[in-house]
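Asker: Handing you a structure now.
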Amino acid sequence: MKYSIKNLYLEVTRKCNLKCAHCMRGPQQDVMLTTEYVDTLFDKLNLQFVENITFGGGEPTLNPDVIAHTLDRMTRERIEPYIVGMITNGQIFSEEIADAFNRYAKERVERPGVFRFGEYVCDFAHIAFSVDKYHAPLNEEVRAKYREYCKWIRQEETDSANTHLIKGGYSKEGKEIPYVLNRPVYGRFGDDCINIEGDIYLAANGLVTNFATGEYAQVDALNLGHISTFSFEDYLREYGRTSETIAEPCGISLIMRGPHER
Ligand code: SF4
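165 is the number that numbering that gives the first Met the number 0 gives to position 166 of the sequence shown; each next residue is one higher, with no gaps.
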């Protein structure tokens, strides 16, 4: 079975080098996502298409191997989301991550038959630096290194606390997120592709959920199962909500590809 998914979120680690006053996650945990969990997830999803892939945490630069491993696998399998991005607090420069983003972007852009105009900045590969009144000020040396190493990669500073402040964890302000599990909405397309409308979230401890926002305890409490034993198809058949209204998505990836490709 193949899957088409809107948002895939990889919680790369629950460790962090900061302790921000607005952190919805709460106390950090010494838990790292493994390459085995990532491979199991990608094996099971056999992705036909995914709109967005996000590396988050915790602080994702503390676990560079998993990010590099995932991007290299995406290159090999030509998994080409509209956006693949990392959200970092910008205190740590990881050459391994910078190189991996460059490899992924370069292969995808320089492939024969792909159009580009002049000097190219990849819209599909993205590094976001958190800047707001709660985070420690951006480390300018680190920021400069990402600018220098990742010339191809779209980079921006984002103040998400301004728009998405969540109450929970260390944060005493912001929006309260209801402690409920929304069953994934899905539709089937043909015999071999299932479209999942919404989020699939792989936590660093291997738990799968579609609840990406909140404290680690909430994420764990609202898990659908552990990736090592989880069957997306069985779960969706039993608990998912089907939708008649989703437009057929399994051909969307063709828009991103040239005529010479599969
Ligand atoms: S908000 Fe981000 S950088 Fe700050 S403590 Fe939480 S995970 Fe770390």
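For every residue, glycine included, the Cβ atom is placed at its ideal position computed from N, Cα and C.
This structure is a prediction, so every number in the text was calculated from the model and none was measured.
Compute the distance between the beta-carbons of I199 and I4, then report whether it is under 7 Å.
Answerer: yes
Asker: Tell me, which residues are paired with H225 by DSSP?
Answerer: In the DSSP output, where bridge partners are listed per residue, H225 has L206.
Asker: Reducing DSSP to helix, strand and coil, say where F54 ends up.
Answerer: strand
Asker: Using a threshold of 7 Å, state whether the C-beta atoms of C15 and Y133 are closer than that.
Answerer: no
Asker: Once the 5 residues before and after H225 are set aside, which same chain residues still bring their CB inside 8 Å of it?
Answerer: G205, L206, V207
Asker: Identify every residue that forms a DSSP beta bridge with D64.
Answerer: The partner list for D64 (beta bridge, DSSP) is empty, contrary to what the question assumes.
Asker: Give the C-beta separation of V108 and P59 to the nearest angstrom, bearing in mind that I take them to be a contact with Cβ-Cβ under 8 Å.
Answerer: Actually they do not touch by this definition, with Cβ atoms about 23 Å apart.
Asker: Assuming Q154 is part of the beta strand (DSSP E), what are its boundary residues?
Answerer: According to the DSSP assignment, Q154 belongs to the beta strand (DSSP E) that extends over 152-157.
Asker: For R24, is the beta carbon positioned less than 6 Å from some heavy atom of the ligand SF4?
Answerer: yes
Asker: Does the beta-carbon of P111 have 16 or more other beta-carbons within 10 angstroms, so that it is buried, or is it exposed?
Answerer: With fewer than 16 Cβ atoms within 10 Å of its Cβ, P111 is classed as exposed.
Asker: Leaving aside the five residues before and after E262 along the sequence, list all residues of the same chain whose C-beta is less than 8 Å from its C-beta, in chain order.
Answerer: Lying outside 0 to 261, the shown extent of the chain, residue 262 is not represented and no answer is given.
Asker: Within the continuous alpha helix (DSSP H) that includes N101, where are the two ends?
Answerer: 94-109
Asker: Are A104 and A67 touching if we call contact CB-CB under 7 Å?
Answerer: no
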